[in-house]
Amino acid sequence: MSIILLAGAIMLVLAILMAWVLGWANKTFHVEVDPRVEAVNAALPGANCGGCGYVGCAEYAEAVVAGACPPDKCTVGGESCAKELAGILGVSLEQSWPFRPVIHCGAHYSDRLGRTDYKGEQSCTTANLVAGVQGCTYGCLGFGDCVSACDFDAIHIVDGLATVDYEKCVGCGACARICPRNIITMVPFKSRQMVVVTCSNNDMGKDVKAVCKVGCIGCKACERNSGGFFRVDKNLPVLDYDKYDPDNLDSIRLAVDKCPMKRLLFIGWPTEKDLEATKDMEAPDLVEADFKTTVDQTDWQG
Amino acid sequence: MKDNYLKQAWLVLLLALCFGGVLAGVEHSLKGRIDENKKADTLGQIPNLVPGAVSASFSNGVYRAVTQNGDHAGWVLLVTGQGFADKVELLLGLNADASQITGVYILDQKETPGLGNKIVEDEWRAQFAGKSTQQPLEIVKRKAEKDNEIEAVTGATISSETVKDMVNRAAADFRRQLASGGF
Amino acid sequence: MSEEQQNQTEVAPAPSLEVAPGPHLHTTKLSTRRMMADVLIALVPLVVAALAVFRMGAVMQIVVCTAAALVAEYLFTAMRGKPFSLGDGSAAVTGLILALSLPGTAPWYVGAIGSFSAIGLGKVVFGGLGQNVFNPAMVGRAFVMIAFPAAVGASAYVDTSSVVEAVTRATPLTALKQEGLPTSLADLFIGSTNGSLGETSALACLIGGLYLCIRRTASWEIPAGVIAAVAVIAGLINLTDMQAHWTVAHHILGGALLFGAFFIATDPVSSPLTPKGKWIFGAGVGALVMLLRKLSGYPEGVMFAVLIMNALVPLINRWTIPVPVGGPVPEPKS
Amino acid sequence: MSTALQERPGAKTFARGIHPAENKELAEHQTIEVVPSPAEVLIPLLQHVGPPCTLAVKTRDEVSVGTKIAASEAFISAPIHATIDGIVGRPTVATLPNGRHVEAVPIKAGTQKNTPEEIKRDFLGGEWSTANLERFTSEQIVAAVREAGIVGQGGAGFPTSVKIALNPKKPVDTVLVNGCECEPYLTADHRLMLESPSSIITGALLTARASGADRVLIAIEDNKPDAVAAMEKAATGTPVKIVVLKTKYPMGGEKQTILSSTGRVVPTGGLPLDVGVVVVNVASASAIARAVLRNKPLTHRIVTVTGAGIRSPKNLLAPIGISYGELIEFCGGLTPDAKRIVAGGPMMGFTLGSLATPVTKGTSGITVMTSADLAKSEETACVRCGRCVDVCPLNLVPTKMALAARHHDWDLAKRYHILACMECGCCGYACPANIPLVQLIRMGKAKARE
Amino acid sequence: MEYLSTLILIALSAALINNFVLHYFVGICPFIGVSRRVDMAFGMGCAVTFVISIAALLSWLLTYYVLREGAPLTVVLTRDPTVDLSILNYIVYIFVIASSVQFVEMYVRKYFKPLYKAFGVFLPLITTNCAILFACLEIMKHVSGVSDPAQMWGVLESLVMAASGGIGFTIAIVIMAGIREELDHCDVPKVLRGAGITLITAGILALAFMGFTGVDRGLQKVLQGRDKAAESAEAPDASAQTSRNWETGI
Amino acid sequence: MTEKGPTPLERFINGILPENPVYRQVLGMCPTLAVTNGMKAAMTMAAAVAFVLVCANILTSLIRNLLKPHLRILVFTLTIATFVTVADRIIAAYMYDMSKQLGPYIPLIIVNCIIICRCEVCASKQNVLTAATDALGQSLGFALALASIASVREILGSGSWFGIEVMPAGWPDWVVMVLPPGAFLTLGLLLGAANWIGELAARRRTTQGVA
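Written as structure tokens, this is what we have:
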């Protein structure tokens with residue numbers, strides 16, 4: 448019996464000692480950390496994708512708390528995350544839209560002129576350093592750097608043209624950052640489908656025609672027909688997404704119809720019409736049991 | 162202030178106290194059995210190491226093996242040494258005047274499996290029984306011919322040498338101490 | 005523009021043109037395949053020496069290992085869905101070097117398992133040729149040596165019933181380590197001693213090795229580093245311990261040192277890139293060989309030394325990044 | 358044996374580098390010919406390092422050879438002149454071999470005032486007096502050079518006027534005229550040295566006068582003994598010294614030439630100016646002499662059209678803006694097995710995607726490679742043999758930089774000093790696995806700078 | 120001299136021959152988790168070495184004075200020389216480790232900001248690093264597990280063993296990090312990327328480190344051979360005194 | 229996080245394969261490598277871990293509302309250490325040989341990440357029943373993983389399974405498999421195999437889903 452008491456006593460003494468020392472240390476060595484940083488960090492999805500423009504989620508958290516950056520920059524977390532962050536910081540959130548990448552090129556292999564046999568590293572960034580891989584020096588090269596940059600399997604090369612799968616895309620912007628020709632931009636999707644300009648060639652119509660069958664020739668038809676919504680700058684239409692109103696698209700639709708090269712397109716998630724079209728296809732009959740995971744992002748890796 | 166830290170940690174303190182007690186309780190109820198296990202581990206081998214012995218008493222670092230009727234039958238030494246890979250622990254049985262080896266038992270070893278670890282095999286160990294401690298044993302790679310020769314385990318000369326060295330040295334030391342009246 | 009286009013069509017030649025990055029000239033003297041062929045050529049003297057000394061044992065080992073290596077390469081690359089890659093000859097080199105590093109007495113399954121683990125564990129899991137961290141042949145040998153100590157260990161070399169005279173004796177290093185017996189330098193040089201197939205004849209190793217170095221398929225810095233380190237350490241040991249049975253020359257000619265220095269340590273894939281790094285690597289191998297020979301439980305340490313230094317190669321590369329001519333790139337002023 | 362060789366026994370060289378097959382014999386002995394004026398030239402408005410020039414003439418303006426058609430206010434720039442007599446067309450675009458997509462202006466040929474013989478005499482022949490050069494001040498020379506639109510003709514296209522101007526902060530003691538022409542195949546500089554050595558000597562002396570240097574060296578590789586002899590002869594009586602260097606690629610690289618002929622090491626990221634040296638190409642030196650003495654702008658240049666894929670290789674004096682296709686036609690066209698048309702030499706040149714591409718001030722040659730030249734082109738695995746390390750003249754580790762770039766690991770590439778690379782192509786030449794090292798490194802450099 | 124060679128042997132054994140990671144498999148989790156970059160791996164190695172030394176010191180003190188059978192403090196308290204508190208070993212060790220890790224973390228965070236930034240993130244991970252507890256258990260084996268006081272480890276032996284174990288861990292993890300940096304650029308089969316290839320590499324590394332088997336034995340021979348020669352020259356029967364335990368030692 | 233976590237049953241099943249602690253989460257590597265040279269030792273270890281995991285999870289779950297964040301880990305480790313000590317003594321008392329063979333790896337269960345991970349992730353947030361089933365599932369998964377590795381190693385390395393000879397008489401034991409390198413290599417390759425199988429299954433799922 449005495450040994451039980453003794454053991455208990457020793458443990459108690461040890462525990463008191465340690466608790467006291469740690470308590471003392473906690474006070475003496477206390478470092479002020481803004482609790483909001485940790486709260487923000489916890490609310491972020493932790494994908495560390497860099498879509499916000501910061502190196503990782505932790506750095507973004509610090510920037511948000513410091514007020515250097517609005518809380519709605521996390522595209523992976525989306526709206527719910529932004530709301531949560533706004534709640535933590537006690538700020539109100541401006542209306543924001545999901546940003547999604549748009550490929551400003553519409554030429555498939557068969558549309559491109561002046562394509563040559565290219566030997567060398569098969570990637571866009573390197574091929575972009577070699578003149579004459581294809582005639583157009585602005586358009587998509589189709590080697591798929593964006594495909595390998597995408598962590599979400601949301602972009603693919605379809606017949607030589609990068610094509611976004613908006614069902615899978617989370618809008619992290621990795622593709623836009625890696626594209627050596629900067630033909631991918633992040634566009635605020637105010638509706639499921641947006642009008643975008645699918646050409647990037649700044650040259651005059653004649654020069655464009657020499658390199659591409661479908662390139663924008665800078666004819667300004669859109670400028671004339673859309674009531675000034677489009678403005679042609681450097682032989683390409685530019686549209687102001689701030690003024691874009693998804694509920695009032697009549698003038699834009701007119702411009703889209705009038706475009707001789709059909710370079711103004713509605714792009715985005717499949718519409719109900721598209722879904723209607725695929726309705727008759729066979730639905731997957733195998734349903735896998737889908738257990739929710741219990742493994743979260745704790746640091747207990749060792 | 163001090164109270165404050167302790168107040169925060171009351172659960173830890175309580176658990177520490179309880180766990181300490183519980184563990185001591187467990188130990189109390191199992192200690193006997195564990196100690197017996199430990200003893201049996203060594204003592205169980207005594208009859209094999211010293212012919213005729215049934216039990217032994219431990220004092221001064223050696224086991225004094227006795228026969229059924231309490232006669233002194235021999236000694237058992239616990240010897241450790243560095244083997245090829247790691248420590249080798251063996252029991253060395255000697256007769257009453259330590260002039261003869263009566264048996265060797267390997268308690269623990271981590272020699273190369275399939276090679277060095279053959280030193281645990283009865284056949285090999287049996288070579289030691291009956292050897293005299295008057296002159297140091299030798300390891301040979303062929304069939305043992307002379308009295309003081311032990312045939313090495315094939316391909317494991319170092320492990321064999323280890324055991325031989327341990328036996329030689331322990332026996333010599335023990336003889337000297339026995340002679341100086343140590344026991 | 006239209007005129008230009010006409011121009012283009014007028015002069016556009018019949019040949020299909022291509023665009024490519026420079027340089028547009030390439031040396032024709034060297035290709036990966038040629039390098040592997042060089043190694044095979046350089047191994048010829050060793051094979052001849054092995055056949056002369058060990059006869060059937062050598063034939064069996066070489067055939068089994070090389071065949072198994074080729075089969076393994078074929079199987080594993082097929083498993084990975086990669087193009088057929090036997091043509092580059094690297095698998096044959098791995099198999100042959102493995103065969104030459106085994107004792108002739110080892111049973112057939114040792115060579116087969118060794119080759120499979122060499123190609124599988126040593127090469128394919130890392131991504132195939134050029135990406136392995138460790139020397140594949142040595143990975144294979146280490147695997148079978150630890151797996152089958154009775155068949156590949158020091159004692160396995162001696163086969164008293166063999167008709168080959170050399171095989172009935174202990175290898176020179178075992179003889180030295182366990183019995184303190186020296187072996188004559190002439191025997192070590194010519195190769196009339198027991199040992200792994202390729203290592204016995206220092207002469208053959210030297211001929212093949214020098215060929216490799218002259219062809220620059222092997223960097224001379226590595227064998228030079230190995231031999232220098234061994235010479236220095238063995239020399240110091242000789243100075244401090246007069247009773248050492250082996251002289252510096254014994255240490256260099258004996259065991260697998262020359263074989264390892266010229267054929268194993270020089271594997272470009274698993275050795276450093278820069279001359280400075282190669283010296284460090286070579287010296288490291290030499291020093292470890294001497295450490296293991298003198299202190300470890302194994303009689304020879306070339307295989308372990310090479311593997312350990314292979315592991316250090318990334319770090320050596322990191323520490324020996326050469327300074328460019330003109331000094332390092334200045335930091336941008338902003 | 359020339360005196361220069363006796364003066365400098367054991368001509369200097371630099372560490373590492375390569376010895377590719379030179380193939381200079383294809384065009385070495387072809388006298389410079391003048392290309393007849395084409396029906397149209399397309400003159401890019403950016404042929405130098407710096408901001409592009411703006412057009413100074415209007416469509417349908419009549420111009421003659423030497424009319425300034427474009428200029429820029431920027432300090433680092435060079436004006437552009439009409440190269441044939443004719444009428445300005447509508448501005449368009451051109452993609453240069455180095456990938457630049459620039460504005461260009463076409464000129465439709467009218468009747469040409471000068472015959473080819475006159476043009477050749479104007480460029481290469483006649484009297485190039487070295488006497489009495491003191492009559493020109495540094496400023497005068499620099500102004501004349503700038504007005505003539507001379508840029509470095511080795512390829513980079515740095516405006517020569519900026520390079521040779523007096524720099525109070527960094528005094529210059531040596532003018533080094535680079536006649537190494539280490540690129541295989543190319544012979545333009547070689548021919549120039551043979552056919553107009555005195556213009557080079559005069560240009561070199563003028564450069565020295567402009568930059569305040571007191572020593573003038575002309576570096577020539579020892580594979581051109583006839584050029585050495587010709588230059589020796591022309592240099593007699595002048596302070597100009599000929600330095601004969603060992604043949605090795607890339608001896609013509611500025612840093613290598615300076616190191617080999619003066620022993621000075623240009624710091625990484627620095628200029629020859631930092632070690633008191635001004636380097637001008639022989640063609641630039643000749644153009645300087647012409648600009649100062651004859652007051653003529655840079656309108657033509659010598660282009661070597663060579664390679665196994667050309668029916669009759671030639672050295673041509675061609676108007677800038679002429680298309681590559683026309684030059685090739687003039688040399689008899691391509692052989693059926695022609696595979697790559699390279700603007701420049703095979704080591705650092707760029708392939709052409711279109712034969713309509715115009716010749717610029719930096720075009721030193723056209724090399725047409727055949728499929729036989731390019732037999733080995735499959736990439737195999739890198740076995741880290743270190744050949745690239747053995748040949749890198751800058752002591753870099755190309756394979757590591759390239760692999761880091763391939764995997765977008767810019768930090769690692771930087772750690773291996775990727776920004777020091779000058780893309781000479783030695784590594785790519787030596788690589789037994791045929792990995793596009795230079796291309797990967799170029800990409801890495803671009804990305805690492807970001 | 121003999122003491123020194125014992126220390127050298129302990130150090131060599133813990134750092135290379137019986138490397139914590141490659142021989143005893145302790146500290147595998149951080150070995151796999153934190154070996155992506157060489158600088159991170161080095162930071163982790165340093166942190167482990169530091170904490171392992173502190174934990175070893177504390178646990179030696181506690182084991183020697185309180186927990187072992189016949190520990191001085193316990194005997195004074197209970198007046199019973201047979202009382203054995205070694206049942207509390209594990210719980211005390213883990214207590215000591217957890218507390219000292221936390222203490223070190225707070226201290227470093229306050230006074231060594233750059234250091235904290237460099238390896239502060241690893242400190243919490245160390246609590247669950249088996250290597251630390253393993254070192255404590257080794258010390259326990261050599262302090263409370265031995266009956267013969269001559270063989271019992273002193274504080275210095277314990278510290279040397281722990282620190283060189285930490286160094287061995289650092290060596291292993293830095294080598295692994297170097298290799299893994301290289302492997303980032305290799306075409307490793309997709310299914311093996313990450314932990315798989317790390318374990319296989321560790322396996323090959325373990326194969327290579329098996330070459331060190333017996334180095335301690337060889338070194339002991341060299342060191343003690345010299346000692347013995349010196350001893351026998353001075354005092355012919357000195358060995359009789361030290362051979363109280365039959366540690367043959369070879 | 230407002231969504232409800234998995235049900236107890238799901239947690240149990242999750243632990244066995246979908247979230248296998250060894251193959252999926254790569255946790256608890258130390259015993260996985262150290263004691264798998266024979267089935268007997270591996271199964272003893274698995275049982276010990278299961279005992280500790282279940283007890284610790286239940287106790288943690290019981291006291292989950294009393295935990296202070298900064299002392300949480302300390303409480304977990306104390307709890308675990310206690311149960312490990314109990315397990316250690318029981319094994320020493322009733323399976324003495326096994327205790328000797330397992331050596332320090334029984335006490336090292338204290339720092340086995342699986343247990344702390346489950347305490348942290350599950351037990352400190354869930355009720356007793358959930359915590360217990362979760363612990364059982366994870367233990368079973370751990371046992372399966374150990375069994376797979378130990379089978380390979382014992383059969384190749386000693387030619388036996390649970391100590392019973394299974395290989396033909398001439399079988400040369402692959403000694404390397406019972407030594408440390410064999411442990412690393414086996415686990416590495418099995419991890420790859422597990423990933424491969426997982427991938428195949430996933431691929432089949434998607435192809436069937438599309439079709």
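Residue numbers (this note's numbering), protein chains in the order written: chain H, 448 to 749; chain L, 162 to 344; chain X, 5 to 338; chain S, 358 to 807; chain C, 120 to 369; chain R, 229 to 439. Where a beta carbon is used, it is the ideal one built from N, C-alpha and C, also for glycine.
Check: At what residues does the alpha helix (DSSP H) containing Arg806(S) begin and finish?
Finding: Leu794 to Arg806 is the extent of the alpha helix (DSSP H) around Arg806(S).
Check: Less than 9 Å separating the beta-carbons of Leu655(S) and Gly456(S)?
Finding: Not in contact: Leu655(S) and Gly456(S) (Cβ atoms no closer than 9 Å).
Check: Would the beta-carbon of Ala461(S) fall within 9 Å of that of Pro516(S)?
Finding: No; because the gap between Cβ atoms is not below 9 Å, this pair is not in contact.
Next item on the list: Check whether the Cβ of Ala317(L) lies closer than 9 Å to any Cβ atom in chain X.
Entry: Yes, its Cβ sits closer than 9 Å to a Cβ of chain X.
Next item on the list: For Pro140(X), I'd like the list of residues in its chain whose CB is within less than 6 Å of its CB, leaving aside the five on either flank, ordered along the chain.
Entry: Taken in chain order, the residues that qualify are Thr98, Ala122, Gly126 and Lys127.
Margin query: Using only the alpha-carbon positions, how far apart do Pro731(H) and Arg346(R) sit?
Written below: Caution is warranted here: a pLDDT of 43 is assigned to Pro731(H), below 50, making its placement in the model unreliable, and the coordinate value is therefore given only provisionally. The straight-line gap from Cα to Cα measures roughly 36 Å.
Notebook entry, point to check: Curious, which full-length alpha helix (DSSP H) runs of at least 4 residues does the segment 437-496 of chain S contain?
Noted result: List check, alpha helix (DSSP H) in window: 473-480.
Check: Residues in its own chain within less than 6 Å of Ser638(H) by CB, not counting five upstream and five downstream?
Finding: Here the set comprises Pro693.
Notebook entry, point to check: In or out: Ser669(S) buried (at least 16 other Cβ within 10 Å) or exposed?
Noted result: Answer is exposed; the Cβ neighbour count stays below 16.
Notebook entry, point to check: Apart from the five residues just before and just after Leu204(C), which ones in its own chain have a Cβ nearer than 7 Å to its Cβ?
Noted result: Correct list, in chain order: Val185, Leu186 and Thr193.
Check: Is Arg156(C) near the ligand GTP, with its Cβ less than 8 Å from a heavy atom?
Finding: This structure simply doesn't include the ligand GTP, nor any ligand for that matter.
Note to self: Any C-beta of chain C within less than 8 Å: which residues of the segment 257-285 of chain X qualify?
What the structure shows: Answer in chain order: no residues at all.
Item checked: Rounded straight-line distance, which links the Cα of Ile171(C) to that of Cys148(C) -> Per the coordinates, the alpha-carbon of Cys148(C) lies some 16 Å from the alpha-carbon of Ile171(C).
Next item on the list: Identify, in the order they occur along the chain, each residue of the same chain with its Cβ nearer than 6 Å to the Cβ of Lys381(S), setting aside the five sequence neighbours on each side.
Entry: Taken in chain order, the residues that qualify are Thr544.
Notebook entry, point to check: Does the distance from the CB of Ala805(S) to the CB of Gly626(S) come in under 9 Å?
Noted result: Taking 9 Å as the Cβ cut-off, Ala805(S) and Gly626(S) do not qualify as a contacting pair.
Notebook entry, point to check: Does DSSP put Met271(C) in a helix, in a strand, or in coil?
Noted result: Shown here, Met271(C) sits in coil according to DSSP, grouped into three states, outside any helix or strand.
Margin query: Against chain H, does Ile206(C) count as a neighbour if the rule is that its beta carbon must be under 9 Å from one of theirs?
Written below: So yes, Ile206(C) belongs to the interface.
Notebook entry, point to check: At a CB-CB cut-off below 7 Å, which residues of chain C make contact with Ala315(X)?
Noted result: Ordered by position in chain C, the residues that pass the 7 Å Cβ test against Ala315(X) are Ile294, Ile298, Leu324 and Ala327.
Margin query: Determine whether the beta carbon atoms of Gly426(R) and Thr317(C) lie at a separation below 9 Å.
Written below: Not in contact: Gly426(R) and Thr317(C) (Cβ atoms no closer than 9 Å).
Check: Which whole-angstrom value describes the C-beta separation of Leu172(L) and Val303(R), a residue pair presumed to lie in contact below a C-beta threshold of 8 Å?
Finding: Confirmed, about 6 Å.
Check: Would Asp401(R) pass as a contact of Gly391(R) if the rule is Cβ separation under 9 Å?
Finding: The Cβ-Cβ distance between Asp401(R) and Gly391(R) does not fall below 9 Å.
Next item on the list: List the whole-angstrom C-beta distance separating Thr487(S) from Leu562(S), where the pair is believed to meet the contact cut-off of C-beta under 8 Å.
Entry: 6 Å between Cβ atoms; contact.
Next item on the list: Determine the extent of the beta strand (DSSP E) in which Lys696(S) is found, giving its start and end residues.
Entry: Following the DSSP letters along the chain, one finds Lys696(S) inside the beta strand (DSSP E) bounded by residues Ala695 to Ala700.
Item checked: Contained beta strand (DSSP E) runs [length at least 3] in the segment 615-696 of chain H, N- to C-terminal order -> Here the runs fully enclosed are 631-635, 640-644, 677-680 and 683-686.
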